[in-house]
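What follows is a set of notes on a single structure, which appears directly below.
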Amino acid sequence: MKAFRSLLSLLKRYGPNSRSLAEHPRPPTSSAWSGGGDAVQIRFGVMRILARIVLYPLACVALMTALMTSVLSYTALEFESIVYLIPVLICATQWGLISAIVSIVGSAAVADFLFIPPVYSFAISDPQQILEMALFLLVALVTSNLAARLKKELDTLRRRELEIQNLYEFSRRLALCSTAGDLLKAIQDYLSIHLGCEAHLIHLASFDAGHVDGIQDMVPQPIAREAKEMVAAREPRSRLVTEPATNSQWALKHITTTMAEHGVLAVNLGQPAGPGTDKLNDRIDALLLEAGATLTRIDAAVALAKANMRLESEILRTALIGTASHELRSPVAAILGTASVLDQMLALQGDEKVRALVEGMHIEAKRLHGDIQNLLDTARITDTGVTARLVWTDPADIFNAAIRQRALRLGAHKLKVDFDPKLPLVNVDPILLEQAIGQLIENAVKYSPVGSHIAVVARPEDGEVVLSVTDEGVGLTEEEASYLFRRAYRGRRHLGDLPGLGLGLWIARIFVAVNGGTLSAHSPGPGLGTTMSIRLPVAPNITPELVPLSDAQSG
Amino acid sequence: MRKAANTVLVIDDEPQIRRFVKAGLELYGYSVSEAENGTTGLNAVAHLRPDLIILDLGLPDMYGDEVLNTVRSWSNVPVIVLSVQVDEEQKVNLLRSGADDYMVKPFGIGELAARCEAAMRRYHKAADKDPLVRTGPLAIDLVSRAVTLDGRRITLTRKEYRLLHLLASHLGLVMTHNQLIKDIWGNSSPDNLQYLRTLIRKLRQKLEADPSQPALLISESGVGYRLEQNPSPSSKSSQ
Numbered sequence: 046m047k048a049f050r051s052l053l054s055l056l057k058r059y060g061p062n063s064r065s066l067a068e069h070p071r072p073p074t075s076s077a078w079s080g081g082g083d084a085v086q087i088r089f090g091v092m093r094i095l096a097r098i099v100l101y102p103l104a105c106v107a108l109m110t111a112l113m114t115s116v117l118s119y120t121a122l123e124f125e126s127i128v129y130l131i132p133v134l135i136c137a138t139q140w141g142l143i144s145a146i147v148s149i150v151g152s153a154a155v156a157d158f159l160f161i162p163p164v165y166s167f168a169i170s171d172p173q174q175i176l177e178m179a180l181f182l183l184v185a186l187v188t189s190n191l192a193a194r195l196k197k198e199l200d201t202l203r204r205r206e207l208e209i210q211n212l213y214e215f216s217r218r219l220a221l222c223s224t225a226g227d228l229l230k231a232i233q234d235y236l237s238i239h240l241g242c243e244a245h246l247i248h249l250a251s252f253d254a255g256h257v258d259g260i261q262d263m264v265p266q267p268i269a270r271e272a273k274e275m276v277a278a279r280e281p282r283s284r285l286v287t288e289p290a291t292n293s294q295w296a297l298k299h300i301t302t303t304m305a306e307h308g309v310l311a312v313n314l315g316q317p318a319g320p321g322t323d324k325l326n327d328r329i330d331a332l333l334l335e336a337g338a339t340l341t342r343i344d345a346a347v348a349l350a351k352a353n354m355r356l357e358s359e360i361l362r363t364a365l366i367g368t369a370s371h372e373l374r375s376p377v378a379a380i381l382g383t384a385s386v387l388d389q390m391l392a393l394q395g396d397e398k399v400r401a402l403v404e405g406m407h408i409e410a411k412r413l414h415g416d417i418q419n420l421l422d423t424a425r426i427t428d429t430g431v432t433a434r435l436v437w438t439d440p441a442d443i444f445n446a447a448i449r450q451r452a453l454r455l456g457a458h459k460l461k462v463d464f465d466p467k468l469p470l471v472n473v474d475p476i477l478l479e480q481a482i483g484q485l486i487e488n489a490v491k492y493s494p495v496g497s498h499i500a501v502v503a504r505p506e507d508g509e510v511v512l513s514v515t516d517e518g519v520g521l522t523e524e525e526a527s528y529l530f531r532r533a534y535r536g537r538r539h540l541g542d543l544p545g546l547g548l549g550l551w552i553a554r555i556f557v558a559v560n561g562g563t564l565s566a567h568s569p570g571p572g573l574g575t576t577m578s579i580r581l582p583v584a585p586n587i588t589p590e591l592v593p594l595s596d597a598q599s600g
Numbered sequence: 039m040r041k042a043a044n045t046v047l048v049i050d051d052e053p054q055i056r057r058f059v060k061a062g063l064e065l066y067g068y069s070v071s072e073a074e075n076g077t078t079g080l081n082a083v084a085h086l087r088p089d090l091i092i093l094d095l096g097l098p099d100m101y102g103d104e105v106l107n108t109v110r111s112w113s114n115v116p117v118i119v120l121s122v123q124v125d126e127e128q129k130v131n132l133l134r135s136g137a138d139d140y141m142v143k144p145f146g147i148g149e150l151a152a153r154c155e156a157a158m159r160r161y162h163k164a165a166d167k168d169p170l171v172r173t174g175p176l177a178i179d180l181v182s183r184a185v186t187l188d189g190r191r192i193t194l195t196r197k198e199y200r201l202l203h204l205l206a207s208h209l210g211l212v213m214t215h216n217q218l219i220k221d222i223w224g225n226s227s228p229d230n231l232q233y234l235r236t237l238i239r240k241l242r243q244k245l246e247a248d249p250s251q252p253a254l255l256i257s258e259s260g261v262g263y264r265l266e267q268n269p270s271p272s273s274k275s276s277q
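Those protein sequence lines, which keep their order, are chains A and B.
The number in my numbering is simply the position in the first sequence, starting from 1, with 45 added.
The number in my numbering is simply the position in the second sequence, starting from 1, with 38 added.
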């Protein structure tokens, strides 16, 4: 019985290993490994293994012995111990090394007892027979070892093949997935069918909406809590968590792509932490890696579709704005012209009261014209883009043209002009730049009190020309300073009392940028005024002083 | 000498624009006729023999420059072009094709009347042979080449005088960069624009009360320069 006990210890060592080699899926719940009422199941498993390594080999040996006995009794053949290699090989290839050893021991015992003289005794009289028996044991051990190893390799190969087949099936299914939902369902199915793992996807929305109860229906509370933490920490990878109640290991995988966040996949690995769970975890990771590319593709397609939709509506809106503005421009031009005629008539008649009304009408119509122009410019920028037609220009001329255009609007402010007489020429598109400066002046007028100063400065600085407009107006908050140049941004402070579309500075920034310049805003704080500066690069060798004047020589 | 009532022909398809131009120019003593497209406009030019044409570029039946070229093929009547576009290249091309000046919509009637006056003056100048051009404090004798500012003689270099002469003989009208460069330097290499800018600066130093805010030598962005005919003393700035 000593031999039997050592066999049992062997069984304990190889047991879990042989189990993980099994191709059959484990039951999806993990309870078999921890619950008290499952002892029967464990005992059943032990019996099966015991049959495989003891009962079957011994049965083989018995069968062989019966065969041998009948053959020897009807023929004149001599007994050869080599025939017992047959059951040994069968056991080695069918049930592995241990059953092979059992069959070797059994064969040796039976052969010695029944066939080797003296018969019916374990003693061996002939030294030749002893040698033969020893050889048999050696050969049987070596061949059974080789055969068992072969079987193991074959098993591994077969399992790999199955795994590959499963993965192939999986990737075929992935290819058919058109939404992230399909894909995650496919992963869940794969995990439960092929790995026998219970898997749940916990959507982000469940966390956001605080539906922790809903999550708890799917996974135990500690797992849900852990998953929530993971999302909150924006952890890109995975976590292994042990659930204390059942002592089973859960793998949590954060499913994200660069474009979207889908949630956390919680997989019940179904056993306490150990090499087995690591292996499973690796397989799940491999699976998610496989699915990752598909998920990215799906997310990209979704993002693209959304962007396309936005773009289409943007194009439509731009076209609409363009057409509408164009149609509006003529009547506004007519109103402005008519107002100027009225003004002239009233000036002739000396009717100053009505003249003031006409001036109000003129200013409003002019503002409307400015808004329409901004909408048209926006449509132009969005639609075709703007390109600068560069010509050598005196920056002071651009500034003056912008000021002249807005003489009426500037009437209520005190304008201070300071242009450096040594301003270098700049190679720019004067029309675009004039519009940009015009926007800065209009903003200065709009956001500063009547009667305050507006300073316009043009000076060279560090190889650049700086054109700035400074007012004594409302200034900028930090938020306003950072969003100022965004399209359609309007400071919250002014939404109620000052009209506008929030396009002016956005347009100005683009018009300056296409000229190779930069536009920036600086304010000491709310209520402390604002300075808007345009910086334009100057070609180093082109300054008025360096331009040869043939005129100077001749005249 | 100007005729008692100069006839202006307005060719524009938009009635509301014609209406205010007519009412406005009549205040300035012009007699105004209207045409709503290029064909009737050209007929009217032939029959009415107007003293000035105001031509809109966005006509339904013909391109504005077609009308301009047809008119120019038999008449040198002054033409002022109206445009909604802010395309400076188009303006330059029209000026080259023989337009005397342009107005960008929206415009006030005062500006238009001033341009009409300037264009008409230039048209009649050829016959008047009056050599003296006056604007604000500036007087230029185109024959004796004497330039005075508030009665003081101003010495100009040859090129400065050439530039001032060109602008003065088109008083109140825009001269394109190319027209000026060609006349002064004899060629129109784009590099010469820098010489022109520098020359203008030097001239402003001599003529303007405040050279940084010129009242006489006005730049039209991307197009050219004009010598202002009724300069307002530059009082906007309070230094």
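For glycine and all other residues, C-beta sits at the position ideal for the given N, C-alpha and C.
Same chain only: Cβ atoms within 8 Å of A388 (chain A), ignoring 5 sequence neighbours per side:
Counting from one through the first sequence, the residue named residue 388 (chain A) turns up at place 343. Just to set this straight, residue 388 (chain A) is Asp in the shown sequence, not Ala. The residues are R400, V403, E404, H407.
Could you name the residues of the segment 428-439 of chain A whose beta carbon sits closer than 9 Å to any beta carbon of chain B, in the order they occur along the chain?
Result list: R434, V436, W437, T438, D439.
Could you name the residues of the segment 472-488 of chain A whose beta carbon sits closer than 7 Å to any beta carbon of chain D, in the order they occur along the chain?
The structure shown contains no chain D; the protein chains it does contain are A and B.
Integer-rounded CB distance, given that V59 (chain B) should sit under 8 Å from L205 (chain B):
The residue labelled residue 205 (chain B) in the question sits at position 167 within the second sequence. The residue labelled residue 59 (chain B) in the question sits at position 21 within the second sequence. Not a contact, Cβ separation roughly 27 Å.
Looking at the structure shown, is I146 (chain A) part of a helix, part of a strand, or coil, going by DSSP?
On the first sequence, residue 146 (chain A) is found 101 positions in, with the first residue counted as 1. In the structure shown, I146 (chain A) sits in a helix (DSSP, three-state: H, G or I).
Could you check whether the segment 568-586 of chain A touches the segment 513-522 of chain A, counting it as contact only if at least three pairs of C-beta atoms, one from each stretch, sit closer than 8 Å?
With a cut-off of 8 Å, the segment 513-522 of chain A and the segment 568-586 of chain A count as touching, because enough Cβ pairs lie within range.
Once you ignore the five residues that flank V171 (chain B) on each side, which residues in its own chain have a CB closer than 6 Å to its CB?
The residue labelled residue 171 (chain B) in the question sits at position 133 within the second sequence. The beta carbon of V171 (chain B) sits closer than 6 Å to the beta carbons of I178, A206, L209 from its chain, once the five residues preceding and following it are set aside; these are given in chain order.
With a 10 Å radius around its C-beta and 16 neighbouring C-beta atoms as the bar for buried, classify Y199 (chain B) as buried or exposed.
For the purposes of this step, residue 199 (chain B) is taken as the residue at position 161 of the second sequence. It is buried - the Cβ of Y199 (chain B) has at least 16 other Cβ atoms within 10 Å.
Spatial distance of K230 (chain A) from R218 (chain A) (CA atoms):
Residue 230 (chain A) sits at position 185 when you count from the first residue of the first sequence. Residue 218 (chain A) sits at position 173 when you count from the first residue of the first sequence. Approximately 10 Å, taken between the alpha carbons.
Could you check how far apart the C-beta atoms of L122 (chain A) and V116 (chain A) are, in whole angstroms? I think they sit under 8 Å.
Along the first sequence, one-based indexing puts residue 122 (chain A) at 77. Along the first sequence, one-based indexing puts residue 116 (chain A) at 71. Rounded, the Cβ-Cβ distance is 7 Å, consistent with contact.
Check Y101 (chain B) in the structure and name its three-state DSSP category.
Counting from 1 along the second sequence, the entry for residue 101 (chain B) is found at position 63. Coil at Y101 (chain B), not helix or strand.
Tell me where the alpha helix (DSSP H) around I169 (chain A) begins and ends.
Sequence index remark: in the first sequence, residue 169 (chain A) carries index 124 (1-based). Careful: I169 (chain A) lies outside any alpha helix (DSSP H) and carries neither H nor E.
Across the segment 127-135 of chain B and the segment 63-74 of chain B, are there enough close Cβ pairs to call them in contact, namely three or more that are closer than 8 Å?
Look at the beta carbons and you see the segment 127-135 of chain B not touching the segment 63-74 of chain B: under three pairs across the two are nearer than 8 Å.
Can you tell me the Cα-Cα spacing of V133 (chain B) and R87 (chain B), whole angstroms?
Position 95 of the second sequence, counted from the first residue, corresponds to residue 133 (chain B). Position 49 of the second sequence, counted from the first residue, corresponds to residue 87 (chain B). Note that residue 133 (chain B) is Leu in the sequence shown, not Val. Our two residues, L133 (chain B) and R87 (chain B), have alpha carbons roughly 21 Å apart in a direct line.
Nearest-angstrom beta carbon gap, L246 (chain A) and G308 (chain A) [assumed within contact, 8 Å]
Position 263 of the first sequence, counted from the start, is the residue given in the question as residue 308 (chain A). Position 201 of the first sequence, counted from the start, is the residue given in the question as residue 246 (chain A). The pair is a contact, with the Cβ atoms about 6 Å apart (cut-off 8 Å).
Quick one, which residues of the segment 134-146 of chain B are near chain A if we go by CB-CB under 8 Å, in chain order?
Within the segment 134-146 of chain B, the qualifying residues are K143, P144, F145, G146.
Does the pairing of the segment 545-554 of chain A with the segment 497-509 of chain A give three or more beta-carbon distances under 8 Å?
No: the two stretches stay apart, fewer than three of their Cβ pairs being nearer than 8 Å.
Closer than 9 Å by beta-carbon distance: list the chain A residues that pair up with L95 (chain B), in chain order.
Start at 1 with the first residue of the second sequence, and residue 95 (chain B) comes out as number 57. Simply none; closest approach about 13 Å.
Within 7 Å (strictly less), CB to CB, does Q394 (chain A) reach chain B?
Numbered from 1 along the first sequence, position 349 holds the residue referred to as residue 394 (chain A). Chain B contact via Cβ: absent.
Bridge partner(s) assigned by DSSP for K398 (chain A)
For this step, residue 398 (chain A) is matched to residue 353 along the first sequence. DSSP lists no partner for K398 (chain A).
Can you check whether the CB of T77 (chain B) is closer than 7 Å to the CB of D99 (chain B)?
Your numbering for residue 99 (chain B) matches position 61 in the second sequence. Your numbering for residue 77 (chain B) matches position 39 in the second sequence. Yes; because the gap between Cβ atoms is below 7 Å, this pair is in contact.
Quick one: Cα of I238 (chain A) to Cα of T423 (chain A), how far?
Stepping through the first sequence from its first residue, residue 238 (chain A) is reached at position 193. Stepping through the first sequence from its first residue, residue 423 (chain A) is reached at position 378. When only Cα atoms are considered, I238 (chain A) and T423 (chain A) end up about 57 Å apart.
For a test of the three-state rule: what should DSSP assign to D139 (chain B), helix, strand or coil?
Counting from one through the second sequence, the residue named residue 139 (chain B) turns up at place 101. D139 (chain B): strand per DSSP, three-state reduction.
One question on the structure: do A336 (chain A) and I232 (chain A) come within less than 7 Å of each other, judged by their Cβ atoms?
For the purposes of this step, residue 336 (chain A) is taken as residue 291 along the first sequence, with counting starting at 1. For the purposes of this step, residue 232 (chain A) is taken as residue 187 along the first sequence, with counting starting at 1. The answer is yes: Cβ separation under 7 Å.
Using 7 Å as the limit for Cβ to Cβ distance, is A61 (chain B) near chain A?
Taking the second sequence and counting its residues from 1, the one referred to as residue 61 (chain B) is at position 23. Closer than 7 Å to some Cβ of chain A, the Cβ of A61 (chain B) qualifies, so yes.
Along the chain, where does the beta strand (DSSP E) containing I49 (chain B) start, and where does it finish?
As a working mapping, residue 49 (chain B) is identified with position 11 in the second sequence. 45-49 is the span of the beta strand (DSSP E), which, as asked, contains I49 (chain B).
Unbroken alpha helix (DSSP H) runs of length 4 or more, entirely within the segment 102-145 of chain A: which are they?
Runs of the alpha helix (DSSP H) inside the segment 102-145 of chain A: 130-140.
Please list, in chain order, all residues of the same chain as H69 (chain A) whose beta carbon is under 7 Å from its beta carbon, the five residues on each side excluded.
Locating residue 69 (chain A) in the first sequence gives position 24, where the first residue counts as 1. Confidence at H69 (chain A) is low in this model, with a pLDDT of 43, below 50, so the placement of that residue is unreliable and no value is reported for it.
When the distance is taken between beta carbons, is D330 (chain A) closer than 7 Å to T302 (chain A)?
As a first step, residue 302 (chain A) is located in the first sequence; it is residue number 257 there, counting from the start. As a first step, residue 330 (chain A) is located in the first sequence; it is residue number 285 there, counting from the start. It is not a contact, given that the beta carbons lie outside the stated cut-off.
Drop a sphere of 10 angstroms on the beta-carbon of W112 (chain B), count the other beta-carbons inside from all chains shown, and report buried for 16 or more, exposed for fewer.
To locate residue 112 (chain B), count along the second sequence from 1; it is residue 74. Exposed, because fewer than 16 other Cβ atoms sit within 10 Å of the Cβ of W112 (chain B).
Do E479 (chain A) and A446 (chain A) have their C-beta atoms within less than 7 Å of each other?
Position 434 of the first sequence, counting from 1, holds the residue named residue 479 (chain A). Position 401 of the first sequence, counting from 1, holds the residue named residue 446 (chain A). For E479 (chain A) and A446 (chain A), yes; Cβs fall inside 7 Å.
State the start and end residues of the unbroken alpha helix (DSSP H) segment that holds A253 (chain B).
Numbered from 1 along the second sequence, position 215 holds the residue referred to as residue 253 (chain B). Segment: none, A253 (chain B) is in no alpha helix (DSSP H) and carries neither H nor E.
Looking at chain A, is there any beta carbon in it that lies within less than 7 Å of the beta carbon of Q54 (chain B)?
Counting from 1 along the second sequence, the entry for residue 54 (chain B) is found at position 16. A Cβ of chain A is located within less than 7 Å of the beta carbon of Q54 (chain B).
Measuring straight from C-alpha to C-alpha, what distance separates L245 (chain B) and L176 (chain B)?
Working through the second sequence from its first residue, we reach residue 245 (chain B) at position 207. Working through the second sequence from its first residue, we reach residue 176 (chain B) at position 138. The C-alpha of L245 (chain B) lies about 8 Å from the C-alpha of L176 (chain B).
Buried or exposed for D542 (chain A), please, with buried defined as at least 16 other CB atoms from any protein chain shown within 10 angstroms of its CB.
Within the first sequence, numbered from 1, the residue matching residue 542 (chain A) stands at position 497. When all chains shown are included, D542 (chain A) counts as exposed.
Could you check if Y235 (chain A) is buried or exposed, using at least 16 other CB atoms within 10 Å of its CB as the buried criterion?
Translated into the one-based positions of the first sequence, residue 235 (chain A) becomes position 190. That one is buried.
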